[in-house]
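Numbering (my numbering), first residue to last: 2 to 405.
Virtual Cβ for every residue (Gly too), placed ideally from N, Cα, C.
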Amino acid sequence: MRPAQLRREHFAAYPRLAKQLAIREIELLRQLPLSFLALLLRELKAYDWKFPAERREIDAQLTYLTSLSQERRGRVMRELAQLRLSSALEDMDWVGSPGEFSEQLSAHLWTTDQIASFRAAAVGFLDAVRAAVPPQPPEIRRLGISVVGRGTTQTSHPLFRKLRPHGAYFTHVSPKNGVRVLLDRVAARAKAHAIPFAHWYVDGGSAEEPSPAGVTMVSYDALEPVRASVVARLREMLQAGTGSEARRTALAHLGPEDVGLRNAAEAEQVVDHFKVSVLSQGSGTQFFSTTFVQWSARELLWRAQPLTLITRFAPRMTERSMNEALAGIPTVPVLDPQGALIDADMGAYYTWLNLKRLPGAAESSFLAWFEGHTEAVVVSPSLARGTQSNSAVTLEQLLDEMEG
Numbered sequence: 002m003r004p005a006q007l008r009r010e011h012f013a014a015y016p017r018l019a020k021q022l023a024i025r026e027i028e029l030l031r032q033l034p035l036s037f038l039a040l041l042l043r044e045l046k047a048y049d050w051k052f053p054a055e056r057r058e059i060d061a062q063l064t065y066l067t068s069l070s071q072e073r074r075g076r077v078m079r080e081l082a083q084l085r086l087s088s089a090l091e092d093m094d095w096v097g098s099p100g101e102f103s104e105q106l107s108a109h110l111w112t113t114d115q116i117a118s119f120r121a122a123a124v125g126f127l128d129a130v131r132a133a134v135p136p137q138p139p140e141i142r143r144l145g146i147s148v149v150g151r152g153t154t155q156t157s158h159p160l161f162r163k164l165r166p167h168g169a170y171f172t173h174v175s176p177k178n179g180v181r182v183l184l185d186r187v188a189a190r191a192k193a194h195a196i197p198f199a200h201w202y203v204d205g206g207s208a209e210e211p212s213p214a215g216v217t218m219v220s221y222d223a224l225e226p227v228r229a230s231v232v233a234r235l236r237e238m239l240q241a242g243t244g245s246e247a248r249r250t251a252l253a254h255l256g257p258e259d260v261g262l263r264n265a266a267e268a269e270q271v272v273d274h275f276k277v278s279v280l281s282q283g284s285g286t287q288f289f290s291t292t293f294v295q296w297s298a299r300e301l302l303w304r305a306q307p308l309t310l311i312t313r314f315a316p317r318m319t320e321r322s323m324n325e326a327l328a329g330i331p332t333v334p335v336l337d338p339q340g341a342l343i344d345a346d347m348g349a350y351y352t353w354l355n356l357k358r359l360p361g362a363a364e365s366s367f368l369a370w371f372e373g374h375t376e377a378v379v380v381s382p383s384l385a386r387g388t389q390s391n392s393a394v395t396l397e398q399l400l401d402e403m404e405g
């Protein structure tokens, strides 16, 4: 089937919002080259499970393409339309299975030496969309917080070395009620700016109780049944000799109902799909709590573009414990707090880097704190870079300074 042959009934199996959008824009979809259309449908098919920021990006692409004359649209799509596709690709069910088509398309572009042309055309298109429909600035300055070192009594590892040149390093921070102080500030921001999926708390262990009101929370411990289900499926495929590409495809197709998540509310379904994607597509997220937190933070900043994000790292299991878990050997996991601290230190740095890629990055602030201890670093436009303070200070004072 070719794009011009699209009919309304081809979208019958799409989720509700995705189907409505596809049918509404069917005349536009019929005019797009297959190499682009199938990729657009991959995103559109998951529209119901996407965060508002992701939906806005899809809407912006459609708005931009619709605003163009047919002649202008043809020029914009020319390079993508000129890509040579195999008959096998064209004959695939690219409407019903756009994800599988995308995987096959990527392999085809690599083997036919067209991947560079495709990337250049895709980047050019996205740049044009952003120029025509600029991303929305954040309602308030973004705030990122990373809490590292839970369960670590002491360490010889010099913390926050990569962050210190970009912010102010504090050596005498009061740790009293530190986690609660941070969560209360997150809750206050959520109350003042009650926007769906704009405020997040990711915990690598058991979440602090009570959970901050108005904040979407994801914790490693609470997802133990889901993690076990994903690992069981992975173990079955390994024992059956399933190849790495087939394993990746199978895990990517997992939905919440496949791993025991059955929430009825639409907002909860969006979060459930996010949880499953982190555990099924993240490398090591099923076993290492530090990887789970870092991957979740990266995905949230990229996809949800939150106004507030607090991540709290916890001790992770050793590599040996991971191998035993993957093999199905019933043992008590051995934890490695020192290794987790080093992971979390790097994870905090990567979280800051990803925060800096969002709209409004120049005004955003970031705090990393060694839980239960007196070390912290703050990266904020209100504080001088590359400085150090040995004066006594509280976390409340640091937060006030960051948001002042």
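Just mark P139 as buried or exposed, buried being the case when its beta carbon has 16 or more other beta carbons within 10 Å.
buried
Quick one: using the 10 Å Cβ neighbour count with 16 as the cut-off for buried, is R321 buried or exposed?
exposed
I need the straight-line Cα distance from H194 to E101, nearest angstrom please.
39 Å
Under 7 Å between the Cβ atoms of W124 and A61?
The displayed chain sequence assigns Val, not Trp, to residue 124. Going by C-beta atoms, V124 is not nearer than 7 Å to A61.
Just confirm the distance between the C-beta atoms of G168 and S365, as a whole number of angstroms; I'd bet it's less than 8 Å.
Not really, about 12 Å apart at Cβ, beyond 8 Å.
Would S365 count as contacting chain C if we go by Cβ distances under 7 Å?
Chain labels in this structure do not include chain C; a single protein chain is all it has.
Express the C-alpha separation of G283 and A39 in angstroms, rounding to a whole number.
24 Å
Rounded to a whole number of angstroms, what is the C-alpha to C-alpha distance between R162 and T395?
Roughly 21 Å between the two C-alpha positions.
For V219 and V203, which I take to be in contact (beta-carbon distance under 8 Å), what is that distance rounded to the nearest angstrom?
5 Å
With respect to the alpha helix (DSSP H) encompassing H200, which residues constitute its N-terminal and C-terminal limits?
Taken as a continuous stretch (DSSP letters only), H200 belongs to no alpha helix (DSSP H), being part of the beta strand (DSSP E) at 200–204.
Is it buried or exposed for A268, if we count other Cβ within 10 angstroms and need 16 for buried?
Label assigned to A268: exposed.
Put V380 into one of helix, strand or coil per three-state DSSP.
Three-state DSSP puts V380 in a strand.
Taking 6 Å as the limit between beta carbons, can you name the residues of its chain near E80, skipping five residues before and five after?
A122
Using the Cβ count rule (16 or more neighbours within 10 Å means buried), how would you classify S281?
Burial check for S281: the Cβ neighbour count within 10 Å reaches 16 or more, so the residue is buried.
Are the CB atoms of A341 and T388 within a distance shorter than 7 Å?
no
State the Cα-Cα distance for the pair L69 and N264, rounded to the nearest angstrom.
40 Å
Please report the distance separating the alpha-carbon of I116 from that of V180.
47 Å
Would L400 and L356 qualify as a contact pair, given that the criterion is a beta-carbon distance under 7 Å?
no
Could you name the residues that DSSP lists as bridge partners for M318?
L336
Between the Cα of S87 and the Cα atoms of P99, S98, T113, L18, which residue gives the shortest distance?
Answer by Cα proximity: T113.
What residues in its chain sit with their C-beta under 8 Å from that of T172, if we drop five residues either side in the sequence?
T375, E376, Q389, S390, N391
Contact between the segment 90–97 and the segment 47–59: three or more CB pairs below 8 Å?
No, the segment 90–97 does not touch the segment 47–59.
Tell me, please, which residues DSSP counts as bridged to Y170.
Residue pairing by DSSP places Y170 opposite V378, Q389 in a beta bridge.
Which residue's Cα is closest to the Cα of S381: V294, M238, F367, L327?
F367
Starting from the Cα of A199, find the closest Cα among R304, N178, D259 and give me that residue.
R304
So which of R17, P16, L18, E26 has the shortest CA-CA distance to R8?
Closest in C-alpha terms to R8, from the list R17, P16, L18, E26, comes E26.
Measuring alpha carbon to alpha carbon, tell me which residue in S118, K276, E372 is nearest L255.
Comparing Cα positions, the closest option is K276.
What first and last residue would you give for the beta strand (DSSP E) that runs through T312?
309–313
From the DSSP output, which residues share a beta bridge with V394?
V174
Restricting to Cα atoms, I'd like to know which of T217, I343, S245, L239 is closest to A188.
Cα-wise, what sits closest to A188 is T217.
For F367, does the three-state DSSP call read helix, strand or coil?
strand
Residues bridged to S220 by DSSP?
Beta-bridge pairing by DSSP links S220 to D204.
Pull up the distance between the alpha-carbon of A214 and that of Q155, whole angstroms please.
Approximately 32 Å, taken between the alpha carbons.
Quick check on G125: does DSSP put it in helix, strand or coil?
helix
What residue ranges within the segment 67–128 form continuous alpha helix (DSSP H) runs of no fewer than 4 residues, ordered along the chain?
The qualifying runs are 71–77, 79–82, 88–91, 99–112.
How about T312 and S147: do their beta carbons lie closer than 7 Å?
yes
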